[in-house]
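The block underneath contains the structure these notes are about, expressed in structure tokens.
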Amino acid sequence: MTSPFLFGATEGGLFDFDATLPLMAIQVVLLTFILNALFFKPVGQVVEEREDYVTTSRAQAKQRLAEVEKLELALRDQLKEARQAAQKVINDAEQDSDKLYREALALATSEANASREKARREIDAQRESAMNQLKSDSEKLGDLIVDRLLASK
Amino acid sequence: MGSLPFFFTFAELEVGQHLYWQFGNLRIHGQVFLTSWIVIGALLALVVVGTKKMERDPQGVQNLLEFLWDYIRDLARTQIGEKVYRDWMPFIGTLFLFIFVSNWGGALVPWRLIHLPSGELGAPTADINTTVALALLVSLSYFYAGLSNKGLRYFEYYVHPTPIMLPFKIVEDFTKPLSLSFRLFGNILADELVVAVLVFLVPLVLPVPVMFLGLFTSAIQALIFATLAAYYIGEAVEEHH
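From first to last, the protein sequence lines stand for chains A and B.
By my numbering, the letter at position 10 of the first sequence is numbered 10, and the numbering carries on one by one without gaps.
Just remember that my numbering sits 153 ahead of the position in the second sequence, which is counted from 1.
Written out as structure tokens, the structure is:
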């Protein structure tokens with residue numbers, strides 16, 4: 001360790017340049033090519049393939065999502081239509097049943113009225129006939145009474 | 154230092170000593186290459202394990218690798234721009250990973266337990282040769298990026314927005330690698346020295362917060378180096394209107 005810091009010292013020193021320099025440069029260049037073949041190319045390929053895969057998958061997923069949204073919209077429309085149709089059917093049915101009910105009610109009412117009328121008429125007729133009978137009976141009786149009274153005189 | 158107690162030998166300060174390997178008339182720092190191979194080995198092991206069975210649903214190490222990849226991509230993309238960041242991502246990423254693992258390896262692995270004949274093992278980035286090599290690679294890269302993207306129109310950058318900028322921009326081409334290399338080298342070496350000095354003075358407890366600070370500095374330096382490298386490349390390929 002005579003002169004360790006001497007620049008360009010013939011034996012040793014911190015700044016001792018020799019064939020180490022070009023050989024190290026060649027070694028690093030070789031390492032660059034080896035690492036390029038063993039590391040940068042294959043890893044780059046894998047990473048870029050994955051990036052492509054992710055990009056295409058994402059695009060596909062977006063496309064599918066759009067399709068799904070479209071389908072969902074269509075389905076919603078269909079559902080709305082179906083609901084409206086069902087509502088209409090229900091309304092129709094309600095109206096129908098209402099009508100039927102009314103008709104049946106009207107029929108029943110008119111039938112009831114008719115039968116009541118008939119009954120009243122029958123009653124009236126019977127009363128009439130009973131009255132007539134009574135009248136004729138009472139007239140007969142009155143005549144009889146009158147006859148008897150007159151006859152006793 | 155032989156007379157000092159046992160644990161003090163760990164804290165022996167060896168600055169500027171290297172394990173020299175001689176190849177013909179080329180001399181290299183063996184300890185730098187030893188640790189850099191360990192760093193590279195660890196990186197490659199992680200990468201090989203993590204990419205062995207990759208799936209779309211990441212599991213285990215794949216998660217970590219993808220996180221790193223994503224982090225480096227964001228760094229490169231924000232600094233270089235959407236158009237050409239792909240070409241430079243491996244370089245920026247390698248710089249980041251190599252420096253990060255080197256720095257953390259230097260801070261976390263107790264290299265001093267392994268005794269070398271000369272010098273000592275440590276972060277490869279604590280050697281000026283490594284950081285200058287990395288910084289010069291960055292310089293070459295941004296020149297290459299500018300020239301390959303814009304041809305000779307790249308040199309419009311030197312007179313943009315006014316020709317007065319020309320000398321400053323030329324000086325910048327020298328200061329960029331200089332500042333890159335010395336920032337990294339200085340921070341990592343200083344961190345190792347501070348820890349070594351503290352361990353030397355007070356071997357217990359006191360160095361621990363400094364070690365944590367060192368981990369923080371190490372990570373930040375790796376990020377700064379990679380970000381600046383990406384920024385320089387981005388500056389070179391940027392279209393002026």
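For glycine and all other residues, C-beta sits at the position ideal for the given N, C-alpha and C.
The structure displayed is predicted, hence computed values, not measured ones.
{"Check": "Less than 7 Å between the beta carbons of residue 25 of chain A and residue 286 of chain B, yes or no?", "Outcome": "yes"}
{"Check": "Report the neighbours of residue 61 of chain A on chain B: residues whose CB is nearer than 9 Å to its CB, in chain order.", "Outcome": "By Cβ distance, chain B contributes nothing, its closest Cβ being about 17 Å from residue 61 of chain A, past 9 Å."}
{"Check": "By a C-beta neighbour count over all protein chains shown, 10 Å radius and 16 as the cutoff for buried, is residue 83 of chain A buried or exposed?", "Outcome": "exposed"}
{"Check": "Mind checking whether residue 257 of chain B and residue 275 of chain B have CB atoms under 7 Å apart?", "Outcome": "no"}
{"Check": "Can you tell me which of B:175, B:185, B:177, B:386 puts its alpha carbon nearest to the alpha carbon of residue 284 of chain B?", "Outcome": "B:185"}
{"Check": "How is residue 180 of chain B classed by DSSP in three states: helix, strand or coil?", "Outcome": "strand"}
{"Check": "Using a beta-carbon distance below 7 Å, is residue 91 of chain A in contact with chain B?", "Outcome": "no"}
{"Check": "Measure from the alpha carbon of residue 381 of chain B to the alpha carbon of each residue in B:333, B:341, B:300, then state which is nearest.", "Outcome": "B:333"}
{"Check": "Where DSSP assigns a beta bridge to residue 45 of chain A, which residues make up the other side?", "Outcome": "Answer is none; residue 45 of chain A lacks a bridge partner."}
{"Check": "Using a Cβ-Cβ distance under 7 Å, would residue 222 of chain B count as near chain A?", "Outcome": "yes"}
{"Check": "Determine, using beta carbons only, whether residue 244 of chain B comes closer than 7 Å to chain A.", "Outcome": "yes"}
{"Check": "With a Cβ-Cβ cutoff of 7 Å, do residue 218 of chain B and residue 203 of chain B count as a contact?", "Outcome": "yes"}
{"Check": "What are the residues of the region 277-289 of chain B that lie near chain A, defined by any Cβ-Cβ distance shorter than 8 Å?", "Outcome": "277, 280, 281, 282, 283, 285, 286, 287, 289"}
{"Check": "In angstroms with no decimal places, state the Cα-to-Cα distance between residue 278 of chain B and residue 50 of chain A.", "Outcome": "36 Å"}
{"Check": "How many Å lie between residue 200 of chain B and residue 349 of chain B at the Cα?", "Outcome": "32 Å"}
{"Check": "Would residue 387 of chain B count as contacting chain A if we go by Cβ distances under 7 Å?", "Outcome": "no"}
{"Check": "Is it right to say residue 320 of chain B is buried, meaning 16 or more other beta carbons lie within 10 angstroms of its own, or is it exposed?", "Outcome": "exposed"}
{"Check": "Exposed or buried, which one is residue 342 of chain B when buried takes at least 16 other CB atoms within 10 Å?", "Outcome": "buried"}
{"Check": "Closest by CA to residue 236 of chain B, which one among B:224, B:299, B:366?", "Outcome": "B:299"}
{"Check": "Between residue 268 of chain B and chain A, is any beta-carbon pair separated by less than 7 Å?", "Outcome": "no"}
{"Check": "Could you tell me the boundaries of the alpha helix (DSSP H) in which residue 333 of chain B lies?", "Outcome": "319-354"}
{"Check": "Check the Cβ of residue 182 of chain B against every Cβ in chain A and list those closer than 8 Å, keeping chain order.", "Outcome": "16, 18, 20"}
{"Check": "Along chain E, in chain order, which residues have C-beta atoms closer than 8 Å to that of residue 189 of chain B?", "Outcome": "This model lacks chain E altogether, as its protein chains are A and B."}
{"Check": "Could you name the residues that DSSP lists as bridge partners for residue 175 of chain B?", "Outcome": "B:180"}
{"Check": "Within 10 angstroms of the Cβ of residue 216 of chain B, are there 16 or more other Cβ atoms? Answer buried if so, exposed if not.", "Outcome": "exposed"}
{"Check": "Mind checking residue 226 of chain B: buried by the 16 CB within 10 Å criterion, or exposed?", "Outcome": "buried"}
{"Check": "Rounding to the nearest angstrom, what Cα-Cα distance links residue 243 of chain B and residue 40 of chain A in this structure?", "Outcome": "6 Å"}
{"Check": "Could you please give the first and the last residue of the uninterrupted alpha helix (DSSP H) stretch that includes residue 359 of chain B?", "Outcome": "Careful: residue 359 of chain B lies outside any alpha helix (DSSP H) and carries neither H nor E."}
{"Check": "So residue 179 of chain B contacts chain A; which residues on that side make the cut at Cβ distance below 7 Å?", "Outcome": "19"}
{"Check": "Please confirm whether residue 351 of chain B and residue 361 of chain B have their CB atoms less than 7 Å apart.", "Outcome": "no"}
{"Check": "Compare the C-beta of residue 68 of chain A against all C-beta atoms of chain B and say whether one is closer than 7 Å.", "Outcome": "no"}
{"Check": "Comparing C-alpha positions only, which one of B:232, B:253, B:206 sits nearest to residue 189 of chain B?", "Outcome": "B:253"}
{"Check": "Quick check on this structure: which residue in B:345, B:307, B:370 has the alpha carbon closest to the alpha carbon of residue 168 of chain B?", "Outcome": "B:345"}
{"Check": "Using 8 Å for Cβ pairs, my map puts residue 261 of chain B next to residue 379 of chain B. What's the rounded Cβ distance?", "Outcome": "No, residue 261 of chain B and residue 379 of chain B are not in contact; Cβ-Cβ is about 20 Å, not under 8 Å."}
{"Check": "Can you tell me where the alpha helix (DSSP H) with residue 260 of chain B in it begins and where it stops?", "Outcome": "238-261"}
{"Check": "Residue 32 of chain A versus chain B: which residues are under 7 Å apart at the beta carbon?", "Outcome": "243, 244, 247"}
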